[in-house]
Structures are given as C-alpha cells and as structure tokens.
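Protein sequence lines correspond, in order, to chains A and B. Numbering (the working numbering) for the first sequence: 27 to 226. Numbering (the working numbering) for the second sequence: 1277 to 1391. All residues carry an ideal CB built from backbone N, CA and C; glycine is no exception. The block underneath contains the structure these notes are about, expressed in structure tokens.
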Amino acid sequence: MTTQEFLRILTREIDVLPAFEAQRAITYYREIIEDRIEEGMSEAEAVGSMEDISVIAQQILEDHKGLLEKQQKNEKSQKQHNKWRNALIFLTSPLWLSVFIAVVLLVFSIYIFIWSILISLYICVVAFGLAAFVAVSLCLYDMLPNASLALVELGLSMICIGVLLFGFYGIRIGQRYLFSLQRRWKDNVMRRWRNRRIWQ
Amino acid sequence: MDIQLKKGLLEVCVLALLKREDSYGYKITKDVSSCIMISESTLYPILRRLENSHCLTITSKEHNGRLRKYYKITKEGKNRIDEFLSEWQQVLVIYDFIKGGENHDNAGISKNINT
C-alpha cells in the first residue's frame, strides 16, 4: 500500500470529524510515514509497519468523542430550531407576506420611475435633435430670401445640437451609473444568499 | 500496567523528553519507547491533550524539502513535570502501604502453614 492510499482510507474512516481535526490527524500520520522512509525503510515497509488503519481511526475518534457528541447535539438543536422557525414563518405569513409584497412593489415602482425619467430624457434629447434638423433645414431654405432669419434659425439649430450632444452623453453617464448600482446590488444579494446557505 | 496510570505516566514522559530538546512525533515515539512502550496512535491523543492544556506548543519547520511539526514544552509543561515529581513521594508512601499489607498477608499464611 502506498502512503496516499493509506491516508485516503484513513481520511474516509475519520470523515465524521470536523475538517480541521481530520486534517491535523492526517498530517501527523503522513509525517510519521515520511520519517520512517527517511530512516531507510521503503514506502511499502513504512506503511506496512504502521498499525491497522481501523485501530488508528478508532483511537482518533475515541479521542474526539466529546467533540463529536457536542457536534451531534448542536446539529440536533439546529434541526429543532429550524423546525420552530419554519412553523413560525408559516403561521405569521398573513402578516409579513402582505408587507413584503407591498415593499417589493414599492421598490419596483421606484425602479420603474427612475427608468421612465431616463427614457423621458432620451425622448427630450431626440426631440431637440429633430428640432435641430428642422432648424437647419429652415435655415437653408431662408438663407437667400431672409439672411437674418436664417441666422437666427442657424443659432437655434446650434443650441438644439448642443442640447442633443451634451444631453445624450449626460444621460448615458447616468444610465451607466444606474446599471452599475443595479449590478452591485444584485451581487450583494447573491453573495449574502450564498453565505447563508453555506452557514446552514 | 493499568491503562489510566499508563496514560498519566506517558504524558509526563513525553514532557520530560521535550524538556531536554524539542522533538517530532516519530522521534518522541522511539525515545519514549526506550522507557515505556508507546505507539504512534497512542502518542497522537497525548500530544493533542498536552497541546490543549497548553503544556506544549507546535511549530512547523522545513526539513528535507517538507514541513515537519516540532513540539516544544511550555512553562505549564515544566510545572506539570515538577508537580509529578513532587507527588512521587506520596506515591511511594502509598506503595509502601500496599506492600506492607502484602507482607502482613504473607506472614499470616506462613503462620497458618507452621501451625
């Protein structure tokens, strides 16, 4: 048997232990085997001269008896606690469920409101763009018969183009900021949910 | 030897060994076995108990390209040895008491045989 096989079987035998304690025991026995090999034994001899794995495992589990009993007790009380918690959640659901739905709908409506402002601003900017186009067209039309009017129309079209460009990029910045907030909030919620599942 | 008695003695033996020099698991097994038989699986819980009671500390040092755990006695460990040695006189008194009882029994048996 190789060292890896020995340690793999031993790990399996003591897998009821917390990971830290099991790893500590495995490291101890790995060192024992490596020290025997260093003394001149072959790997097979070093592993063969170890005690029976089941005896070693029993010794380790016996030593951690108190810890295992405490762990089982904690698991039992956690299960009990979860049962009571679930029963409480179910019984009080008429109360908290309606409040929860109301809060979710409120948040959703605020979200829709913010996006509708953005869309409205986009529409305004597009309207200014159209106005700039109309003003430029009129300017070209009135250039020869009425130069001063054409100048005014040109000025107005410049203003509209300015609003279009600055408005467009300003709204884009706001939109990107909103997207990043949204993404951060989503990641936060997912992380908390994953951590909650791990600790359970 | 009684298991509980052996357990207690083994712990002090390990501490006495570490008092001379820091050591590692395999060497401790070999050195202590020169006085009282001990296997690696017996030593492991002893080392754990001693660590939990702060009688020794563990450090990892590099040795031939791998890490090896070395055990080092602490002040509490040395106090434990001193306590054991100071209690030994009391153990000898109890030993004499038990032996005295044995001698009395043997004397009684001889008297019955002679009569």
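Among the candidates the options, whose CA atom is the shortest distance from the CA of residue i?
i, options, result
"P44 of chain A", "A:L87, A:R62, A:E71 and A:R220", "A:L87"
"R1325 of chain B", "A:A113, A:I149 and A:H90", "A:H90"
"N1328 of chain B", "B:L1361, B:G1353, B:H1339 and B:G1341", "B:G1353"
"E1297 of chain B", "B:D1372, B:L1286 and B:K1348", "B:K1348"
"S1309 of chain B", "B:K1345, B:D1372 and B:C1289", "B:C1289"
"D61 of chain A", "B:L1323, B:R1342, B:C1311 and B:K1375", "B:R1342"
"L1323 of chain B", "B:L1291, B:H1339 and B:V1369", "B:L1291"
"C186 of chain A", "A:L207, A:F159 and A:M216", "A:F159"
"A83 of chain A", "A:E47, A:Q208, A:F134 and A:V133", "A:E47"
"H1330 of chain B", "B:R1356, B:F1373 and B:Y1320", "B:R1356"
"L1245 of chain B", "B:K1282, B:K1283 and B:D1307", "Residue 1245 of chain B lies beyond the range of chain B shown here (1277 to 1391); nothing can be said about it."
"N1340 of chain B", "A:R198, A:E65, A:L36 and A:A113", "A:E65"
"Y148 of chain A", "A:I40, A:N214 and A:G200", "A:G200"
"G74 of chain A", "A:L166, A:E95, A:S124 and A:F32", "A:F32"
"S1299 of chain B", "B:K1337, B:L1368 and B:F1360", "B:K1337"
Spell out the partners DSSP gives residue i in its beta bridges.
i, result
"L1343 of chain B", "B:E1338"
"I1349 of chain B", "B:L1332"
"I1299 of chain B", "The displayed chain sequence assigns Ser, not Ile, to residue 1299 of chain B. Answer by DSSP bridge pairing, in chain order: B:Y1347."
For residue i, which residues of its own chain have a beta-carbon under 6 Å away from its beta-carbon, when the five flanking residues on both sides are left out?
i, result
"R50 of chain A", "none"
"G155 of chain A", "L190"
"N108 of chain A", "none"
"A70 of chain A", "none"
"E39 of chain A", "A83"
"M27 of chain A", "V73"
"A157 of chain A", "C186"
Would residue i and residue j be called neighbours here (beta carbons separated by less than 9 Å)?
i, j, result
"L204 of chain A", "I145 of chain A", "no"
"V151 of chain A", "F194 of chain A", "yes"
"Q85 of chain A", "T1318 of chain B", "yes"
"K1345 of chain B", "T29 of chain A", "no"
"S142 of chain A", "A161 of chain A", "no"
"I58 of chain A", "G1301 of chain B", "yes"
"L1285 of chain B", "I1304 of chain B", "no"
"E77 of chain A", "E1316 of chain B", "yes"
"Y1371 of chain B", "Y55 of chain A", "no"
"L1332 of chain B", "T1350 of chain B", "yes"
Tell me which same chain residues have a C-beta within less than 8 Å of the C-beta of residue i, skipping the five on either side of it?
i, result
"I136 of chain A", "none"
"R209 of chain A", "none"
"S103 of chain A", "none"
"D41 of chain A", "A48"
"N172 of chain A", "none"
"L93 of chain A", "L43, P44 and E47"
Take residue i and list the residues in its own chain whose beta-carbon comes closer than 7 Å to its own, dropping the five residues that flank it on each side.
i, result
"K212 of chain A", "none"
"D168 of chain A", "L175, A176 and E179"
"I1314 of chain B", "L1286, T1305 and V1308"
So that I know if they touch, is there some Cβ in chain C lying closer than 9 Å to that of residue i?
i, result
"G1301 of chain B", "The structure shown has no chain C; the protein chains it does contain are A and B."
Does the beta-carbon of residue i, which I'm using as the reference point, lie nearer than 8 Å to any heavy atom of the ligand MG?
i, result
"L190 of chain A", "Ligands are entirely absent from the displayed structure, and the ligand MG is therefore not among its contents."
(request) Output the residue ranges of the alpha helix (DSSP H) runs that lie fully inside the segment 31-71 of chain A and measure 4 residues or longer, sorted by chain position. (result) 45-64
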